[in-house]
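Per UniProt numbering, the very first residue in the sequence shown carries number 1; after that it's consecutive.
Here a beta-carbon is modelled for each residue, glycine too, at the ideal position from N, C-alpha and C.
Owing to the predicted nature of the structure, the values given are computational and were not obtained by experimental measurement.
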Amino acid sequence: MSRSREVTVLSAALLAAAVIGGVGFAMAQSGKLPAKPTGKDAAAKSAPAQTAAASAAAAAPAKVHYGIGREAKPEEIAGWDIDVRPDGQGLPPGKGTARKGEELFVAQCAACHGEFGESTGRWPVLAGGAGTLASHDPVKTIGSYWPYASTVIDYVRRAMPFGNAQSLEGDDLYSIVAYLLYLNDVITDQDQEISDKNFPTVKLANEANFFDDDREVSEKAFWKKEPCMTNCAAGAPRILGRARAIDVTPEDGKGPRVE
């Protein structure tokens, strides 16, 4: 007998032994040969298994991996999720006063913003400017322009002090923000304590002048399938303002210097 035929015969013998062994086990359990399901019975028994497998496959979302990076861990996401909303959601725990904040501000912020928020050089002005928004030279500060106090604490927490961002602990953060609010007359008592509990009650003067973008309604008349591109305005054009009059065109020798 050839080698290949020996292998074939041996494989057949092993298969037969496996079948006989299986039947023998079933007989030992029930005392008779198990009946093989046929026709409708076979279909009925296989249908639930197929349905369960299909449901499991549909329920499991397909994960796509592009071979770059890895899934972010919850603690890593928490490090970025630090925004503060006007309603107070996202405020970190802490408390502070303007009296304590003055010392911190002078040490960590005054080099750029001045001791009283007046700015040094071309760094942003943080205080003053009340009543200037309608003038030719508006000064947009926390007290004169910003709508929400949450913007102050969110930005200071996220990006300040310059070069050492996110280094402020909770009490120091609230103290510096309290000092900024004090400089802008939002609070008038240096010892008034602000915290994550009462901060949402702090209101800035210009909040009422901010409103939701309503162009979808107020400018709907301008939305046309074929907009006008020539001679659209009635009458002759009029000059309403000049750059030199509002001091945005530097004169020779008076422009800003690049250091």
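When we look at the beta-carbon of residue 22 and count the other beta-carbons within 10 Å, is it buried (16 or more) or exposed?
A caution first: residue 22 carries a pLDDT of 43, below 50, which makes its placement in the model unreliable, though a value can still be read off. It is exposed - the Cβ of residue 22 has fewer than 16 other Cβ atoms within 10 Å.
Do residue 105 and residue 155 have their CB atoms nearer than 8 Å?
no
Say whether the segment 164 to 171 touches the segment 81 to 100, bearing in mind that this needs 3 or more beta-carbon pairs closer than 8 Å, one atom from each stretch.
yes
Hey, residue 138 and residue 132: beta-carbon distance below 8 Å or not?
yes
In the segment 169 to 247, which residue ranges form an unbroken beta strand (DSSP E) of at least 3 residues, counting only runs that do not cross its ends?
none
Ignoring anything shorter than 4 residues or poking outside the UniProt domain "Cytochrome c" (96 to 184), list the alpha helix (DSSP H) runs there in chain order.
98 to 108, 110 to 113, 149 to 159 and 170 to 183
So, under 8 Å CB-CB, residue 93 and residue 196 are touching, yes? Tell me the CB distance rounded to an integer number of Å.
5 Å
For residue 163, which residues of its own chain have a beta-carbon under 8 Å away from its beta-carbon, when the five flanking residues on both sides are left out?
none
If you draw a straight line from the C-alpha of residue 261 to the C-alpha of residue 205, how long is it?
Because the chain here runs from 1 to 259, residue 261 falls outside it and cannot be looked at.
Leaving out five residues on either side along the sequence, give the residues of the same chain with a beta carbon under 6 Å from the beta carbon of residue 90.
83 and 84
Identity of the residue in 145, 241 and 194 nearest residue 127 by Cα
145
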